[in-house]
Amino acid sequence: MKVLYLSSGYPRIYQFFDECILNEFHKLPDVEVKFYKLIEQPGPFISLCEQFQPDIVLTMLGDRLPKKSLEWIKHHNFHSILWLTEDPYFTDRSIEIIPFFDVVFSIDIGAVNYYKSLGYQNIYHLPLGTDPAVFFPKPHIQKTNDICFIGHSYPERIRLVQLLLNETAFHIQVIGKWKKKLFYKPTKKLNIINSWIHPLKVADYYSNAKIVLNTHRSYNYKTNQNSAGIVNQSINNRTFDIAACGSFQLIQWIDDLPQHFEENKEIVSFKSDEDFLNKVNYYLSNDEERELIAANGRKKALMNHTFNHRINKMLEIVKEILHY
Numbered sequence: 010m011k012v013l014y015l016s017s018g019y020p021r022i023y024q025f026f027d028e029c030i031l032n033e034f035h036k037l038p039d040v041e042v043k044f045y046k047l048i049e050q051p052g053p054f055i056s057l058c059e060q061f062q063p064d065i066v067l068t069m070l071g072d073r074l075p076k077k078s079l080e081w082i083k084h085h086n087f088h089s090i091l092w093l094t095e096d097p098y099f100t101d102r103s104i105e106i107i108p109f110f111d112v113v114f115s116i117d118i119g120a121v122n123y124y125k126s127l128g129y130q131n132i133y134h135l136p137l138g139t140d141p142a143v144f145f146p147k148p149h150i151q152k153t154n155d156i157c158f159i160g161h162s163y164p165e166r167i168r169l170v171q172l173l174l175n176e177t178a179f180h181i182q183v184i185g186k187w188k189k190k191l192f193y194k195p196t197k198k199l200n201i202i203n204s205w206i207h208p209l210k211v212a213d214y215y216s217n218a219k220i221v222l223n224t225h226r227s228y229n230y231k232t233n234q235n236s237a238g239i240v241n242q243s244i245n246n247r248t249f250d251i252a253a254c255g256s257f258q259l260i261q262w263i264d265d266l267p268q269h270f271e272e273n274k275e276i277v278s279f280k281s282d283e284d285f286l287n288k289v290n291y292y293l294s295n296d297e298e299r300e301l302i303a304a305n306g307r308k309k310a311l312m313n314h315t316f317n318h319r320i321n322k323m324l325e326i327v328k329e330i331l332h333y
């Protein structure tokens, strides 16, 4: 099987995803893969397709592909696959792209159900995975942070960090687009790194924390393009990365969590502010139980939730419905 993988055209984390996906394709004995770095002019892409003659063209998001390239993909004799990895936050944009592809995967069950309700076929749920070569325990790193959060400073996340500052004495590390002015007053309990960091460094910070906090972006955040109001129902890819690091994860409850991890054995969730604070206090006081849950979460991530698992699952579905 020949696979042509198109970059999404987005930087930073998407360049990392490109590397992870390509690495997994290269490991498959029956797959020949080529990579095309997206540029605005469709000519070089079309030339590569004509030369390589792929069986499958795969890309993430697809919204930066020129219209001419999308139309060319739709009408040629290879099969096209789209992986929507920002659902449900940009479903308005995704709906414009779906018609050009034969098979579509989405990271969110709510978005999958929405697309199916519109009559689209061959839509499947497929979460992102983790790369265990990047996300793994770092035993040489001392756990100097009580709580760590890495990600964008959405309002609910700011509120939870402020709650911790108000109600606990724990040391908190946040990384991403965070600024001190987001909080009521400066405090030594809070350390902020106001920038994006590479996944290799992310793994170090996960290993450096006793609890890694994981919350989900709101479906109705002001910059979303989700006019249908599709509520997110699936865990984010951060869930698998934290678990693969062997770090204890306190995650905001979401519908499909039990499909991936066993509650209180491999992961711990919270459903309210009171529940959140109670569990932070409890697990920071119970090292052995916390570390056992973290170790179990790592085992599950390595067993079921790597990019290797995702690419193999994708190809299994594609081969079945396209009769390879």
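FYI, in the working numbering the residues of the sequence shown are 10 to 333.
Built from N, CA and C at the ideal position, the CB exists for glycine as well.
Keeping to the same chain, check which residues put their C-beta closer than 6 Å to that of residue i; ignore five residues upstream and five downstream.
i, result
"ILE202", "ILE184"
"HIS179", "The sequence given here has Phe at residue 179, not His. ASP155 and ILE156, listed in sequence order."
"ASN233", "TYR98"
"ASP264", "GLN242"
Got a sec? Which residues, its chain only, sit under 7 Å from residue i by beta carbon, not counting five neighbours each side?
i, result
"VAL143", "PRO208, LEU209 and ALA212"
"THR196", "LEU174"
Apart from the five residues just before and just after residue i, which ones in its own chain have a Cβ nearer than 8 Å to its Cβ?
i, result
"ILE172", "Correcting the residue type first, residue 172 is Leu in the shown sequence and not Ile. ASP282, PHE285 and LEU286, listed in sequence order."
"HIS318", "GLY138"
"ILE90", "ILE65, VAL66, LEU67, THR68, PHE110, ASP111, VAL112, VAL113, PHE114, MET323 and VAL327"
Within 10 angstroms of its Cβ, does residue i collect 16 or more other Cβ (buried), or is it exposed?
i, result
"THR153", "exposed"
"PRO267", "exposed"
"VAL296", "According to the sequence displayed, residue 296 carries Asp and not Val. That one is exposed."
"LEU13", "buried"
"HIS161", "exposed"
"THR94", "buried"
"ASP140", "buried"
"ASP250", "buried"
"GLN258", "buried"
"ARG21", "exposed"
"PRO63", "buried"
Between the options, which has its C-alpha nearest residue i's C-alpha?
i, options, result
"LEU311", "TYR333, HIS269 and TYR230", "HIS269"
"ILE55", "GLN242, ASP27, PRO75 and PRO164", "PRO75"
"ILE116", "LEU137, GLN130 and PRO108", "LEU137"
"SER204", "LEU191, GLU329 and TRP187", "TRP187"
"THR224", "SER89, ARG168 and ILE206", "ARG168"
"ASP96", "PHE25, LEU31, LEU324 and ILE118", "ILE118"
"THR100", "LEU57, ALA237, HIS314 and SER256", "ALA237"
"ILE181", "ARG102, ASP39, ALA218 and ILE206", "ALA218"
"ASN245", "ILE239, GLN261 and CYS254", "GLN261"
"VAL289", "LEU37, ILE220, LEU301 and ILE263", "ILE220"
"HIS84", "CYS58, ARG73, ASP72 and LYS189", "CYS58"
"LEU47", "THR315, ILE30, ASN235 and ASP72", "ASP72"
"LYS309", "ARG299, GLU271, PRO146 and PHE44", "GLU271"
"SER227", "VAL170, ARG166, LYS280 and ILE206", "ARG166"
Can you tell me the Cα-Cα spacing of residue i and residue j, whole angstroms?
i, j, result
"ALA304", "TYR292", "14 Å"
"TRP92", "THR68", "6 Å"
"GLU41", "ARG247", "29 Å"
"LYS77", "PHE109", "11 Å"
"TYR23", "LEU15", "11 Å"
"ASN122", "HIS149", "44 Å"
"TYR214", "ILE106", "36 Å"
"LYS274", "ARG307", "11 Å"
"ILE65", "GLY255", "35 Å"
"GLN151", "ASP39", "43 Å"
Could you round the C-beta distance between residue i and residue j to whole angstroms and report it? I think they count as a contact, below 8 Å.
i, j, result
"TYR333", "MET10", "7 Å"
"ASN131", "ILE330", "6 Å"
"LEU191", "LEU174", "The Cβ separation is near 11 Å, so there is no contact."
"VAL277", "ILE302", "6 Å"
"ILE320", "GLU28", "Contact doesn't hold; Cβ gap of about 13 Å is too wide."
"LYS43", "PHE26", "Not confirmed; about 17 Å, so no contact."
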